[in-house]
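Participant: Below is one structure. I have some questions about it.
Chains as they are written, first to last, in the UniProt record's numbering: chain A, 1 to 510; chain U, 1 to 600.
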């Protein structure tokens, strides 16, 4: 086989022979492999008698091998020659040999055999180069072998940077700039690792500068905390949007700083402040109050006292909290909240007093429910008083009294009430509420007082089809007539239906 | 089991399978028999990922609910806590661990944080002195849960409250993370649009996270063309309106939780001969609602007024199918008929269920009160008398109707009027506080903070301009055969969906003026794709847009988006994602503050 390498005149003859035996592919493969092992020892070289080729570089050997087979194929056997021989073997071998040649160079001095190289893998070779600080060569090899960036170039660059940060003679500024220039946007670079190294070497400022380049906040923040750059850590955590990270820094700050400084820090970071408020709301109510105090947030303080008031079991304590709330609301210029809270205090006192006098449980009820209870147990005078004191709108009071009396089925009182003065809610509600309590008899009493617009509805509510029809026809309202018709059943009086239909068609004509 | 997730434009089952795989891997990390102690809140969302059978296959023998005291005795090797990262839960876990019976053979403890672990919580465990008691502390990244074939939800009830009331953006961080997971599975989304502060924040975080992953290029061909991030507070109006689609009404009336609804049992009593009406079931009837049920998929997005017709049509088809048996003469034909029986019976059951539900709903929608409430809503939405005190609201307060109903209406009036005159606002507030109790001052305050209720500061009300420009009110909404999204609210076209529709065609540039009137910035971002991953669209192939509602979305809005997807020359199909599915009631409820009053 080796003879082929010699540009012997008999080459063509040998080739034909080998080809005929179908051994050409095997021959070439052996050549390739042989080339790989070629550098094992000087003695073997002589034995192989391919010295001229070997004396040129390994790369040339590979090239010659490659071109030889091509030229042979072209010259002697046509295009299909060696068609099934995989080219990868050549290519890989060429690359490997080039790498090996490079590291065998006397300036590097790593005399590896091909077998050793295959055994130890590229990764390890790169590591060895990195240990020897042969960064440029390592990077060249990674690029040449197309190692994925993350395992290759980036890793070497990181080692380089870690080494760089230890160079005491250069300024932080220069180093940081050099590193960022060189590393650029290289994939998967962990700036935090480099920064850690710098920090370990006592170069905190440099570490901070380097961390600026770190895109992963999860990596950035803990180191910044370790370096006691908590403010910076906080802004980085907030930038990341990872609230857990923000909480972590906040808890750290809380333990590290005195309260005043801590609150000031938060004040400048609204995101952190809101998160801390959330934390306090569930965990530390008192701190929450202090926070609001510090910010002069009177509205929130008012709310805080309102909430606190509900936790009190004694009336006086509850009222005291409410008073504090009123004060705060006033400071916040929230007149409405202040007035309402005062109202609440008045109601509580009123309820308590009445509870003691009449033994009716009232405290904690809303104004509405209090009134309702009073009306239900017949304390009409007290109800009237409450209605006036709290300026309950007439409409609502009428509704309230109407429903309360109907519920009690106090029809006599209800009638008296209806006649007391003109109802601000009209009389349809009287009809409907009575019907709701299954008293059509009472309901009918109010139908006549309902306004013309609502008459049809009122008649229908009490089930008076005739009345409804009369009202609708009188008003010549097509819509209302249709409503009545839709309520008619097969049992409805025929004449009535006809009358409605006639009225409908005349109303429609208009 | 979850086949319905893969029928859509985007196969969401991939996401579910990824979640299941991760769960299995964690369970296998804790070798031997195990018991799970659940943070109760998580059981619902987990049900959408895995049933008990999956857990059982991985030697989960017992399940408990997390509560103070001691973990019930169970002869298992491992105790696993499935919890959200909350401090109050850490305290309970610490108590659980410390009160473990020393006499029993020792059990190993593990924590699985959902959706991710938290330094703060671990710190708390450390303070409590139990951190070292755990063999595994891990996180289960469950942000976006596949809810249906075109729907993802984070099932985070409090997201709106946290973002807009408490300024706590944790859920937005989870959102961004969830979108990164989604992109890892379905490819980088080349175009991002957004409107609102939260949307901006999420987009920023996404771009930032992408930088963090620099180097590991995503080599998946993008499934989504566009992501649209929408803040809920850009459209506060829509959730306040009563939804009028079938699914929307089920949610409004009975509430759908994690895909299930509980219904009054009377209508579902199985009438078996001989039992004669006694033993009526008292337990509510629980039904799962999703597109796996063919009939439901067909009718859920229809306006309720079109559901009756659809049901009777279906009834005819089913009974015709059963009639087929008379035509089956040969053995082969009979065999074929029999093989179809299970499917037909399922269809018949489904029909019976939905007929019952539709009857229940009809009783409510035909009531006077429902009608009056709807009339007022529609008056507000069309801008009738929004600046005056409304009599219906007043009367409803006077009759002490449910507070949330009142709040929905008052908020709606405020939104449709760009705030209420101070006098009107104070009148409503006073009426509410006197009727329902002064403690609701806190709730009213919350509603004002999030902008649902506000005093009118300028005399200019821009709602009419928004309504006209975006065509939010369509006079002749066709409920039976809709030609516009406004059918979902019988006239009102949800603002959020209109924005989505206009983004696809003709683009937002045409509505710059209106966008400026709505809160928060609007923006567009592009994400670079690796060369070779640029999609070459076939002629007539639709674009796929993921619409993310930050702060919640209603079923009616989803129906409207589905309607747009199905439009013949729409050109865009939508997948919907949200922090939570909500309706006006659940939404307002999440914003309420109810101090528990001590009895004096």
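We treat Cβ as the ideally placed atom computed from N, Cα and C, and that holds for glycine. Keep in mind the model is a prediction, meaning the values are calculated, not measured.
1) Given a limit of 9 Å on CB to CB distance, which residues of the segment 381-397 of chain A reach chain U?
2) Going by the beta-carbon positions, is the gap between residue 441 of chain A and residue 427 of chain A smaller than 7 Å?
3) Below 7 Å between beta carbons: does that hold for residue 462 of chain A and residue 480 of chain A?
4) Would you mind reading off the limits of the alpha helix (DSSP H) that contains residue 294 of chain A?
5) What residues match up with residue 287 of chain U in a beta bridge as DSSP calls it?
6) Measuring only between beta-carbons, confirm whether residue 367 of chain U sits less than 7 Å from chain A.
7) DSSP on residue 402 of chain A, reduced to helix/strand/coil?
8) For a cutoff of 7 Å on Cβ pairs, would you count residue 424 of chain A as touching chain U?
9) Could you tell me how far apart the beta carbons of residue 403 of chain U and residue 436 of chain U are, in whole angstroms, since I believe they sit closer than 8 Å?
10) Measure the C-alpha to C-alpha separation of residue 69 of chain A and residue 179 of chain U and round it to an integer number of angstroms.
11) Could you round the C-beta distance between residue 122 of chain U and residue 137 of chain U to whole angstroms and report it? I think they count as a contact, below 8 Å.
12) How about residue 147 of chain A: is its C-beta nearer than 7 Å to some C-beta of chain U?
13) Just reading off the beta strand (DSSP E) that residue 131 of chain A is part of, what are its end residues?
14) Just to confirm before moving on: does the CB-CB distance between residue 81 of chain U and residue 49 of chain U stay below 7 Å?
15) Leaving out five residues before and five after residue 409 of chain U in sequence, what residues of the same chain have Cβ atoms less than 6 Å from its Cβ?
16) Just the C-alpha distance for residue 154 of chain A and residue 138 of chain A, rounded to the nearest angstrom, thanks.
17) I need the boundaries of the alpha helix (DSSP H) containing residue 138 of chain U, first residue and last residue.
18) Look at the alpha carbon of residue 670 of chain U and the alpha carbon of residue 584 of chain U, and state the distance between them as a whole number of angstroms.
19) Could you spell out where the beta strand (DSSP E) holding residue 152 of chain U opens and where it closes?
20) Where do the ends of the beta strand (DSSP E) carrying residue 473 of chain U lie?
21) Indicate whether at least one CB of chain U lies closer than 7 Å to the CB of residue 304 of chain A.
22) Identify every residue that forms a DSSP beta bridge with residue 230 of chain U.
23) Would you say residue 435 of chain U faces chain A, with C-beta separation under 7 Å as the test?
24) My output table needs one value for residue 107 of chain A: the three-state DSSP class, helix, strand or coil.
25) Are the C-beta atoms of residue 244 of chain A and some chain U residue less than 7 Å apart?
26) Would you mind telling me which residues of chain U sit closer than 8 Å to residue 307 of chain A, beta carbon to beta carbon, in chain order?
27) Counting only runs that start and end within the segment 389-416 of chain U, where is the alpha helix (DSSP H) found for 4 or more residues in a row?
28) Which residue spans inside the segment 513-599 of chain U form an unbroken alpha helix (DSSP H) run of at least 4?
29) Taking only three categories from DSSP, how would you classify residue 189 of chain U?
30) Would DSSP call residue 270 of chain A helix, strand or coil?
31) I want to see whether chain U comes within less than 7 Å of residue 452 of chain A, judged by CB atoms only; does it?
32) Closest to residue 297 of chain U by CA distance: which of U:191, U:592, U:4 is it?
33) In angstroms, rounded to a whole number, what distance separates the CA positions of residue 542 of chain U and residue 222 of chain U?
34) In this structure, does DSSP put residue 257 of chain A in helix, strand or coil?
35) Are the CB atoms of residue 350 of chain U and residue 293 of chain U within a distance shorter than 7 Å?
36) Rounded to whole angstroms, what is the Cα-Cα separation between residue 256 of chain A and residue 79 of chain U?
Facilitator: According to the structure data:
1) Within the segment 381-397 of chain A, contact with chain U at the beta-carbon level (separation under 9 Å) is assigned to 390, 391, 392, 393, 395, 396, 397.
2) Residue numbering aside, residue 441 of chain A sits at position 441 when the first chain is read from its first letter. Residue numbering aside, residue 427 of chain A sits at position 427 when the first chain is read from its first letter. It is not a contact, given that the beta carbons lie outside the stated cut-off.
3) Within the first chain, residue 462 of chain A is the residue found at index 462, counting from 1. Within the first chain, residue 480 of chain A is the residue found at index 480, counting from 1. The Cβ atoms of residue 462 of chain A and residue 480 of chain A lie no closer than 7 Å to each other.
4) As a first step, residue 294 of chain A is located in the first chain; it is residue number 294 there, counting from the start. Element bounds for residue 294 of chain A: 285-294.
5) On the second chain, position 287 is the one that residue 287 of chain U refers to. U:261.
6) Walking along the second chain from the start, residue 367 of chain U turns up at place 367. No, no contact with chain A.
7) Counting from 1 along the first chain, the entry for residue 402 of chain A is found at position 402. It is helical.
8) Indexing the first chain from 1 puts residue 424 of chain A at position 424. Judged by the 7 Å Cβ criterion, residue 424 of chain A is not in contact with chain U.
9) Looking up residue 403 of chain U in the second chain gives position 403. Looking up residue 436 of chain U in the second chain gives position 436. Sure, about 5 Å apart at Cβ, within 8 Å.
10) Stepping through the first chain from its first residue, residue 69 of chain A is reached at position 69. Stepping through the second chain from its first residue, residue 179 of chain U is reached at position 179. Reliability fails at residue 69 of chain A, whose pLDDT of 39 lies under 50, so the model's placement of it is uncertain and no value is given.
11) The sequence position of residue 122 of chain U within the second chain is 122, counting from 1. The sequence position of residue 137 of chain U within the second chain is 137, counting from 1. The C-beta separation of residue 122 of chain U from residue 137 of chain U comes to about 7 Å, placing the pair in contact by the 8 Å criterion.
12) For this step, residue 147 of chain A is matched to residue 147 along the first chain. Between residue 147 of chain A and chain U, the shortest Cβ-Cβ separation is not below 7 Å.
13) To locate residue 131 of chain A, count along the first chain from 1; it is residue 131. In the DSSP assignment, residue 131 of chain A falls outside any beta strand (DSSP E) and within the unbroken alpha helix (DSSP H) covering 114-131.
14) The sequence position of residue 81 of chain U within the second chain is 81, counting from 1. The sequence position of residue 49 of chain U within the second chain is 49, counting from 1. At a Cβ-Cβ threshold of 7 Å, residue 81 of chain U and residue 49 of chain U do not count as neighbours.
15) Locating residue 409 of chain U in the second chain gives position 409, where the first residue counts as 1. Within the same chain, residue 409 of chain U has close Cβ partners 393.
16) For the purposes of this step, residue 154 of chain A is taken as residue 154 along the first chain, with counting starting at 1. For the purposes of this step, residue 138 of chain A is taken as residue 138 along the first chain, with counting starting at 1. Taking the Cα positions, residue 154 of chain A is about 11 Å away from residue 138 of chain A.
17) As a first step, residue 138 of chain U must be located in the second chain, where it is residue number 138. Run containing residue 138 of chain U: none in the alpha helix (DSSP H); it sits in the beta strand (DSSP E), 134-139.
18) For chain U, the structure presents residues 1 to 600; residue 670 of chain U sits outside this window and is missing.
19) Here residue 152 of chain U refers to the residue found at position 152 of the second chain. Element bounds for residue 152 of chain U: 151-153.
20) As a first step, residue 473 of chain U is located in the second chain; it is residue number 473 there, counting from the start. Neither: residue 473 of chain U is in no beta strand (DSSP E) and is coded neither H nor E.
21) One-based indexing of the first chain puts residue 304 of chain A at position 304. Closer than 7 Å: no.
22) Taking the second chain and counting its residues from 1, one reaches residue 230 of chain U at position 230. In DSSP, residue 230 of chain U forms a bridge with U:195, U:549.
23) By 1-based counting over the second chain, the position of residue 435 of chain U is 435. Yes, because at least one Cβ of chain A sits closer than 7 Å to the Cβ of residue 435 of chain U.
24) Taking the first chain and counting its residues from 1, the one referred to as residue 107 of chain A is at position 107. In the displayed model, residue 107 of chain A falls within coil according to three-state DSSP, outside both helix and strand.
25) Here residue 244 of chain A is taken as the residue at index 244 of the first chain, counted from 1. Closer than 7 Å to some Cβ of chain U, the Cβ of residue 244 of chain A qualifies, so yes.
26) Counted from its first residue, the first chain places residue 307 of chain A at position 307. Result: 442, 593, 595.
27) The segment 389-416 of chain U contains, as complete alpha helix (DSSP H) runs of 4+ residues, the segments 391-398, 403-416 (chain order).
28) Runs of the alpha helix (DSSP H) inside the segment 513-599 of chain U: 555-566, 584-590.
29) Indexing the second chain from 1 puts residue 189 of chain U at position 189. Coil at residue 189 of chain U, not helix or strand.
30) By 1-based counting over the first chain, the position of residue 270 of chain A is 270. Looking at residue 270 of chain A - three-state DSSP - the assignment turns out to be helix.
31) Here residue 452 of chain A refers to the residue found at position 452 when the first chain is read from its first residue. It does not: the Cβ of residue 452 of chain A has no partner Cβ on chain U nearer than 7 Å.
32) The residue you call residue 297 of chain U lines up with position 297 of the second chain. U:4 is the residue among U:191, U:592, U:4 whose C-alpha sits nearest the C-alpha of residue 297 of chain U.
33) Taking the second chain and counting its residues from 1, one reaches residue 542 of chain U at position 542. Taking the second chain and counting its residues from 1, one reaches residue 222 of chain U at position 222. Distance between the alpha carbons of residue 542 of chain U and residue 222 of chain U is about 14 Å.
34) Taking the first residue of the first chain as position 1, residue 257 of chain A is located at position 257. In the three-state scheme derived from DSSP, where H, G and I count as helix and E and B as strand, residue 257 of chain A is classed as coil.
35) Numbered from its first residue, the second chain carries residue 293 of chain U at position 293. Numbered from its first residue, the second chain carries residue 350 of chain U at position 350. Cβ distance < 7 Å, so residue 293 of chain U and residue 350 of chain U count as in contact.
36) Start at 1 with the first residue of the first chain, and residue 256 of chain A comes out as number 256. Start at 1 with the first residue of the second chain, and residue 79 of chain U comes out as number 79. For residue 256 of chain A and residue 79 of chain U, the distance between alpha carbons rounds to 36 Å.
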